[in-house]
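Colleague: Protein chains in written order, with the numbering used here: chain Y, 1 to 338; chain G, 1001 to 1338; chain Z, 2001 to 2338; chain W, 3001 to 3338. Ideal Cβ positions, reconstructed from N, Cα and C, are used throughout, including at glycine. Have a look at this one before I ask anything.
There are 4 protein chains.
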Amino acid sequence: MIIVLKPEATKEHADAILERIEAKGLKPLYMPGTERVVLGALGDERLLGELRLDSHPMVESVQAVLAPYKLVSREMRGHDTIVDLDGVAVGGTNFTVIAGPCAVESREQMLGTAEAVKAAGAVGLRGGAYKPRTSPYAFQGLGEEGLRILREVADATGMPCVTEVVEVADVEAVEEYASAFQVGARNMQNFRLLRALGQSRKPVILKRGMAAKVDDLLMAAEYILSEGNPNVILCERGIQTFETATRNTLDLNAIPVIKARTHLPVLVDPSHGTGIREFVAPMARAAAACGADGLLVEVHVRPEEALSDGKQSLYPAQFEELMRGLEPFVVAAGKTLR
Amino acid sequence: MIIVLKPEATKEHADAILERIEAKGLKPLYMPGTERVVLGALGDERLLGELRLDSHPMVESVQAVLAPYKLVSREMRGHDTIVDLDGVAVGGTNFTVIAGPCAVESREQMLGTAEAVKAAGAVGLRGGAYKPRTSPYAFQGLGEEGLRILREVADATGMPCVTEVVEVADVEAVEEYASAFQVGARNMQNFRLLRALGQSRKPVILKRGMAAKVDDLLMAAEYILSEGNPNVILCERGIQTFETATRNTLDLNAIPVIKARTHLPVLVDPSHGTGIREFVAPMARAAAACGADGLLVEVHVRPEEALSDGKQSLYPAQFEELMRGLEPFVVAAGKTLR
Amino acid sequence: MIIVLKPEATKEHADAILERIEAKGLKPLYMPGTERVVLGALGDERLLGELRLDSHPMVESVQAVLAPYKLVSREMRGHDTIVDLDGVAVGGTNFTVIAGPCAVESREQMLGTAEAVKAAGAVGLRGGAYKPRTSPYAFQGLGEEGLRILREVADATGMPCVTEVVEVADVEAVEEYASAFQVGARNMQNFRLLRALGQSRKPVILKRGMAAKVDDLLMAAEYILSEGNPNVILCERGIQTFETATRNTLDLNAIPVIKARTHLPVLVDPSHGTGIREFVAPMARAAAACGADGLLVEVHVRPEEALSDGKQSLYPAQFEELMRGLEPFVVAAGKTLR
Amino acid sequence: MIIVLKPEATKEHADAILERIEAKGLKPLYMPGTERVVLGALGDERLLGELRLDSHPMVESVQAVLAPYKLVSREMRGHDTIVDLDGVAVGGTNFTVIAGPCAVESREQMLGTAEAVKAAGAVGLRGGAYKPRTSPYAFQGLGEEGLRILREVADATGMPCVTEVVEVADVEAVEEYASAFQVGARNMQNFRLLRALGQSRKPVILKRGMAAKVDDLLMAAEYILSEGNPNVILCERGIQTFETATRNTLDLNAIPVIKARTHLPVLVDPSHGTGIREFVAPMARAAAACGADGLLVEVHVRPEEALSDGKQSLYPAQFEELMRGLEPFVVAAGKTLR
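Have a look at this one:
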């Protein structure tokens, strides 16, 4: 940790801070420059955080040397983590496509969609039972009834299923029915929920928040790992920018950045990442090309009747075409579609 | 609602959509242009939402004519809502300053800070018992013990107190101790929490999310009102932008926008809005000048020892100076500091 | 064009506006709703722009039905434009890789880099003679001497060369030496420069501004085409967002959006798009996968001695590896690397 | 400057870099930590920039200790710069209001507007002769004829006048007619133009770019000062964010930040900062409250007929009301309206 003092800081201020650093068992450094005094503190950055030196009135700025996360970091674990999703291995050289409707609407809609996506090559099923919606007047999901349908259809088609959990109180029910928890962008920093999921051993698909930097996403994952659950799959789904041509701005730069910083697998959600069905397939290919470990894609048997996110949902025929076109990109990226 | 069809849409497509509009009991309009066919649908925009025309493969874009919220809108209620905070009236011509530490750390710290902010002119006390923190290794708040201390100190100093609630399971406890709920930026779209708070009649201070547009904030407030709780106070606390000189970018434009769109009162939090204690006072003055109904300010008896957000916490003497300088701005804005 | 009136607008206000629409030779429409009056005006959106109805005190909002650009639009021209870059065809089914250093520093540096990139498969050479630099104390380019070196090396290696033009006064000199003009992100809305380049017939590579929406980029291209130069190549190079892990956020969503809206070819610059050399290759692959027509890549014989942008410049061996890995992605995308 | 090495860097790498630091005449520092080696280099940051250590393959990150600008910095000059605008002093305890139409359209329009704004209390006149417009089909300004009208009206009403310069070739003409140059947001990083203005001694009003950090603005000002022109006035006019309720997001945080970092005066443009005439007055008051040195306001005798930016232009009566309401805020901020 590098501490830059304000120009008006005296030698006494510097000494007092150096003492605090030393008292924590860290190695202090004193670097007087011509225009600023710079202090250093070497050791565990988390102990350094406890010093809270950025609150000190004589400190101009504090710059970390190491990342604030530990368990999720690539340095902690050199090889890729592979997460088992009820028999489907996510990460490593696998490229995993999970598809399904935004929301579970009925048994008929789920089964039709599940059969279609499976036939086209998807290996996992998605569908929301609890839907966080911007408007209180919009469809909010079927709740536990939706979970039951999801599980039934997953069993009928032989695929693991993932579904969003929006609150601690629902963790138990979702755990009972789903193969994995999904944490939505709006809940990426719902730390209580993250802790609760850390108590489980079921995989967690953690979506990046709309205003979250990659490091914020990694810190959120650290919450889950720090509670004991190592089965975290990250997901890039677009960030909030000034561009209005697409619903969100899919930040594919994040994929190689994530790969460099953590051992956890990462999926891409091109449906939310673009918000427009015509753009889902090209961005799915781009995701494969830059190193993602798989996709989360919204498909609906009849998108024009979907109760949510119909505009970005693929028709089954479009999804089939996406899958057909995807394979050479996956192979070129050194992975296997399965 | 205005529906622009794709260039390839035929007269039959248009007719089919017009029939759906009519079937909902809405007034359909057909406007054939030289390059695009435009359809209109007049009536309740919420009914229109149920048509989900943006999912239709022949629809290029859908533009709303009316705002998606109703209960919070200025058109619904011409005069300003005044929220009663245990005897302190927020809104109208009142300018309300609520101050205190980021987190409740100890009885001694709370009492010292509360006495200082009261002496300087604050009329409400803030302090967090449940702290959402980016790092799992950071101080997470004292929990219910913190609520008890907050209530005790609020009683001792004769001020209403507000504290953050981060989860449905805590609503009951927070309701027991606090004068008002605070919903943090990260929970602005925790819709389950918003619904739970809508069941209460205690005031809710709803902070704008880091990536939330003003209309997203108003939709979040609509959740609370739609459940029956009219006592909502909005709060602008800065949005996420590319600027790194300050922690967030305080969007004061939002104040006159909010005033034009809703009857609800709105506070400004210059502490989170800047993240740096030196900039809190000028932005507090700017908030008063552009029409805010009050402030939420972080003050700590010893900021350099604060367990969270010390860098943006004012020393008691700084807060006293802020309050002294603030009054002429409040008066010039046609409000009264009380 | 759809015009929504304010709630307080009377029938007289509406009539007066309808008359202005009719007087322009456009078709007016009157749609009275229960809460708002909506007016329509059908016809050439550019004529509508001249009405400047958004300035009217009784107008709440104005929404365009058609895009504001015309010559660049996909509707104007269904098939892809192919731009001839001194014998290298850009667009259509070609995938064009242009590479070279950020700045021309010396004949030796240019020649070494040019030979290396050509050997690896690049078909065009880049290198800046006029460098827009954030700091007045940084290297500003060799100017006309740089142009001479660039041309000489381009001839020696048999590649077309592109270089940035930052000002109208330099257009003539750049036109003399270079195969194509490059307009940098900071000059995307230097409209005087765009007009001057519209007078030329040499190709223009137009880079997207850091805060420019896709439609802003297309409007900038419209400036050049409207002056008579149809040879415009667009370039996505990253936008300004809150993410700090990379220098810019490469917006690959923009590629399919651009392909849907215009017939012009589009390149991707993964060097500026990431700012970090390790991330250039994966993003180059992603660009090919989502439909880009080629790449602009920074390569330097000795990046650690580069006078600008060394951090994002590839070593020759890294570029060779990039090219080797790229081909299957280009082929899978239905294009040919040449 | 703090240099963090990659984990794989050896002692030899560190030594080689330390030698380069020393060879520049700077003081090197070696700080080996448990997980990273950190190097320091103390001295003139601009010399350090020449080392370009961020391009080194073994360097993980480079963090500056000092700001990259020098002449504009508050440390260079403790007291406020006051710029003389043809007899009107900008900066210090003065609060300067400059008003007028977006564009010079006719002698009659300019004179009517100038008389109105002068009567209401403005002390300077604005009006554009060269208009950078997003669309090539929009009004582009009257050019030199506009400059002549501006000067004539400025003389007739006894006010200094400011007008935008968009290109080096126009600097001479603008210098002849105007009291000060205005550099628009789109040209903030038109470094050639900045250099040319640095050769003049006329004041330059430098507007912040839409994607520019405060430090980018200060670096742009450094360009002008480094060429010898100390008469720079900064201007905050809103930045590009995701919020669409206003045209731009006025970043008033920037005012106290700018005041802390530089001795140059700073104006606020609430017209572009909001884009909507109803919101101009409250944001003008907020600008005064947080320490701005004045305003740049768009006023038009007949906004609904304005050839550009009519939506954000005030009616003369609205401007008069703005000025009446502004004074107590200016006085409370310790300044004088003159």
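Here's the rule: buried if 16 or more other CB atoms are within 10 angstroms of the residue's CB, otherwise exposed. What is G:Tyr-1030?
Modeller: exposed
Colleague: Go through its chain and collect everything with a Cβ distance to G:Glu-1227's Cβ below 7 Å, but skip five positions before and after it.
Modeller: Arg-1195, Gly-1198 and Gln-1199
Colleague: Per DSSP, which residues does G:Arg-1126 bridge with? Please list them.
Modeller: G:Val-1162
Colleague: Taking all protein chains shown into account, do 16 or more other C-beta atoms lie within 10 angstroms of the C-beta of Z:Lys-2011, making it buried, or fewer, making it exposed?
Modeller: Looking at its Cβ environment, which holds fewer than 16 other Cβ atoms inside 10 Å, Z:Lys-2011 is exposed.
Colleague: I'd like to know if Z:Leu-2039 contacts chain G, where contact means its C-beta is closer than 8 Å to some C-beta of that chain.
Modeller: no
Colleague: By DSSP, does Y:Asp-84 sit in helix, in strand, or in coil?
Modeller: strand
Colleague: Would you please state the rounded distance, in angstroms, between the beta carbons of G:Ala-1016 and G:Pro-1028? I believe it to be under 8 Å.
Modeller: Between G:Pro-1028 and G:Ala-1016 the Cβ distance is about 11 Å, and since that is not below 8 Å, they are no contact.
Colleague: Among residues of its own chain, excluding the 5 on either side of G:Val-1168, which ones have a beta-carbon nearer than 7 Å to its beta-carbon?
Modeller: Arg-1192, Leu-1193 and Ala-1196
Colleague: Sort Z:Met-2110, Z:Gly-2325 and Z:Ala-2014 by Cα distance to Z:Ala-2099 and report the nearest one.
Modeller: Z:Met-2110
Colleague: Applying a beta-carbon distance threshold of less than 7 Å, which residues of chain W neighbour Y:Glu-75?
Modeller: Pro-3007
Colleague: Where does Z:Ser-2179 land, buried or exposed, given buried means 16+ other C-beta within 10 angstroms?
Modeller: buried
Colleague: Excluding the 5 residues preceding and the 5 following Y:Glu-327 in the sequence, name in chain order all residues of the same chain whose CB lies nearer than 8 Å to its CB.
Modeller: Leu-337
Colleague: Take Y:Ala-89 and list the residues in its own chain whose beta-carbon comes closer than 7 Å to its own, dropping the five residues that flank it on each side.
Modeller: Ile-82
Colleague: Excluding five sequence neighbours on each side, which residues of the same chain lie with their C-beta closer than 6 Å to the C-beta of Y:Tyr-177?
Modeller: Leu-147 and Arg-151
Colleague: For the pair the segment 273-285 of chain Y and the segment 236-245 of chain Y, tell me if three or more CB-CB distances fall below 8 Å.
Modeller: Taking 8 Å as the limit for Cβ pairs, the verdict is that the segment 236-245 of chain Y does touch the segment 273-285 of chain Y.
Colleague: Using beta carbons (cut-off 8 Å, strictly below), is Z:Arg-2186 in contact with chain W?
Modeller: Interface with chain W (8 Å Cβ-Cβ cutoff): Z:Arg-2186 is included.
Colleague: Exposed or buried, what is W:Arg-3201 when buried is set at 16 or more other beta-carbons lying within 10 Å of its beta-carbon?
Modeller: exposed
Colleague: Counting along the chain, where does the beta strand (DSSP E) carrying W:Gly-3040 start and finish?
Modeller: Residues 3037-3042.
Colleague: As a quick exercise: from G:Thr-1249, G:Asp-1216, G:Arg-1208 and G:Pro-1203, pick the residue whose alpha carbon is nearest that of G:Gly-1091.
Modeller: It is G:Pro-1203.
Colleague: Strictly under 8 Å for the Cβ-Cβ distance: is G:Lys-1311 near chain Y by that measure?
Modeller: For G:Lys-1311, a Cβ of chain Y is located within less than 8 Å of the residue's own Cβ.
Colleague: Just to confirm my understanding: we take G:Val-1257, look at its own chain, exclude 5 residues before and 5 after, and list those with CB closer than 7 Å. What are they?
Modeller: Val-1214
Colleague: For Z:Gly-2388, I'd like the list of residues in its chain whose CB is within less than 8 Å of its CB, leaving aside the five on either flank, ordered along the chain.
Modeller: Outside the shown range of chain Z (2001 to 2338) lies residue 2388 of chain Z, about which nothing can therefore be said.
Colleague: Counting only C-beta atoms, is G:Gln-1063 closer than 8 Å to chain Z at any point?
Modeller: yes
Colleague: Cα-Cα, which of G:Ile-1205, G:Thr-1262, G:Thr-1241 and G:Met-1323 is closest to W:Thr-3249?
Modeller: From the listed residues G:Ile-1205, G:Thr-1262, G:Thr-1241 and G:Met-1323, the smallest Cα separation to W:Thr-3249 is found for G:Thr-1241.
Colleague: So, does the CB of Y:Met-283 fall closer than 8 Å to a CB anywhere in chain Z?
Modeller: yes
Colleague: What residue does the beta strand (DSSP E) around G:Gln-1063 start on, and which one ends it?
Modeller: Start and end: 1059-1063.
Colleague: For Z:Val-2059, which of G:His-1056, G:Arg-1208 and G:Val-1065 has the nearest alpha-carbon?
Modeller: G:Val-1065
Colleague: Between the alpha carbons of Z:Cys-2290 and Z:Glu-2035, how many angstroms are there, rounded?
Modeller: 44 Å
Colleague: Taking 8 Å as the threshold (C-beta atoms), are G:Ala-1116 and G:Pro-1316 in contact?
Modeller: Result yes, Cβ atoms of G:Pro-1316 and G:Ala-1116 sit closer than 8 Å.
Colleague: Measuring straight from C-alpha to C-alpha, what distance separates Z:Arg-2052 and Z:Ile-2021?
Modeller: 11 Å
Colleague: Flag this pair as yes or no: are the beta carbons of W:Arg-3261 and W:Ser-3073 separated by less than 8 Å?
Modeller: In this structure, W:Ser-3073 lies closer than 8 Å to W:Arg-3261 by Cβ.
Colleague: Quick one: list the residues of chain W neighbouring Z:His-2056, beta-carbon separation under 7 Å, in chain order.
Modeller: Glu-3304
Colleague: What does a CB cutoff of less than 7 Å around G:Ala-1220 pick up in its chain, not counting 5 residues either side in sequence?
Modeller: Met-1188, Gln-1189, Leu-1194 and Leu-1206
Colleague: What residues from chain Z crowd round W:Ala-3138, counting only those whose CB sits closer than 8 Å?
Modeller: Gly-2049
Colleague: With the cut-off set at 8 Å, would you say Z:Gly-2294 and Z:Thr-2096 are in Cβ contact?
Modeller: Result yes, Cβ atoms of Z:Gly-2294 and Z:Thr-2096 sit closer than 8 Å.
Colleague: Give the straight-line distance between the Cα atoms of Z:Gly-2184 and Z:Glu-2164, rounded to the nearest whole angstrom.
Modeller: So the two alpha carbons sit approximately 7 Å from each other.
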